[in-house]
Ligand SMILES: *Cc1c(COP(=O)(O)O)cnc(C)c1O
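Numbering (my numbering), first residue to last: 61 to 439.
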């Protein structure tokens, strides 16, 4: 293989995560795997195919572009577009049989017109505002939006959705409980008007794992399907609340090939800004990964793995390169594999560890791995 940096994705890990999440759900509950953001960096179509083969019922994406890629790759499963799309794309979205989120009543006439032109109903999911204050229709406008959808022969109210604001960041789930109450009130308002919505959904990974009352007819799991916990708080809550065999397996390993190994005498600087000065005779490995590839320039005190040992990063992360110290890794040589994320023998670098180095979250670490880097499916 000519690639000098690549990402390996474990099919077994992705498949078993879907099976484990499925085991938390009632038989009739649908599992919608979120593959937005290049499947959290795992490869949109590759991960989408594996999830579908492993028993995910639906896939969700953020954009029209992602939905188009999935259809082009031959995936025929239901696709839910979570994000806004341009009215120019309504006809294509309907042709590709995508489900769309709605929260603006003004979007309905062009949607109905596109549906009429395509000769098929637009299947819409009304997003209810329950406290996240992102996408969603608030209490005053919710009823009229739902009435407008059910009143049009070209539109179908297929789903009712909301999204939690504060379930990952805390072990106190009172805000999530309040959102769930508001969501249940919205369901009751529709029921009182004789409107039954076929697919009700609000649970992200954290709610799927921690709040069975939030499962309704479908869950939308992202991060957990990739084998990562939504946060440490989610993990702590889980361990506190129930003890069974539920685990998740990370699926992603990011590797690169060492481009140069060199000896540097004491008292030399390494990299831009001369931020690091060698204090002893130092052997360095130059690795062709930098912030363009999605390895955060802010990382301080990080390391990579070479020959199963930790090689501390020295100096600043460059645009396309980084330098790591291999003084204590005697046999390190050009062409060796360096592991940036993942396991190498007894050592492992998790996305969570990189997130701590870079002051961010695991979600950002994997989603930022440049799309251009090949994703290779391994067993
Ligand atoms: C991304 C997303 C999810 C998945 O969240 P995870 O925490 O990764 O499980 C669910 N719902 C919506 C609306 C999203 O945007």
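Quick reminder that beta carbons are idealized off the backbone N, C-alpha and C, glycines included. Just so you know, these numbers come straight off a predicted model, no measurement behind them.
Query	Result
Assigned secondary structure, residue 388 (DSSP; H/G/I helix, E/B strand, else coil)	coil
Straight-line gap, residue 135 to residue 367 (C-alpha atoms, nearest Å)	39 Å
DSSP bridge partner residues for residue 404 (one or two, in chain order)	407
Contact check, residue 316 vs residue 65, beta carbons under 8 Å	yes
Near ligand 1: residue 158 beta-carbon under 7 Å from a heavy atom	no
Buried versus exposed, by CB contacts within 10 Å (16 or more), residue 422	buried
CB contact flag (residue 216, residue 184, <8 Å)	yes
Element boundaries [alpha helix (DSSP H), containing residue 139]	Where residue 139 is concerned, there is no enclosing alpha helix (DSSP H), although the beta strand (DSSP E) it sits in stretches over 139-141.
Check: residue 264 C-beta below 7 Å from any heavy atom of ligand 1	yes
beta-carbon residue 142 near ligand 1 non-hydrogen atom, thresh 7 Å	yes
Distance CB(residue 350)-CB(residue 379) smaller than 8 Å	yes
C-alpha gap between residue 112 and residue 237, whole angstroms	31 Å
Proximity of residue 259 and residue 277 at Cβ, strictly below 8 Å	yes
Neighbour-count burial assignment, residue 388, 16 or more Cβ in a 10 Å radius	exposed
Enclosing beta strand (DSSP E) for residue 441 [first to last residue]	Residue coverage of the chain in this structure runs from 61 to 439, which leaves residue 441 outside it and unanswerable.
Check: residue 282 C-beta below 7 Å from any heavy atom of ligand 1	yes
Residues that DSSP places opposite residue 356 in a beta bridge	In the DSSP output, where bridge partners are listed per residue, residue 356 has none listed.
Burial state of residue 199, where buried means 16 or more other Cβ atoms lie within 10 Å	exposed
Contact set for residue 372: own chain, Cβ-Cβ below 6 Å, skip 5 residues either direction	363 and 385
C-alpha distance - residue 91 paired with residue 82, whole-angstrom precision	7 Å
Contact set for residue 89: own chain, Cβ-Cβ below 8 Å, skip 5 residues either direction	275, 276, 277, 278 and 279
Closest Cα partner of residue 129 within the set 116, 144, 159 and 95	95
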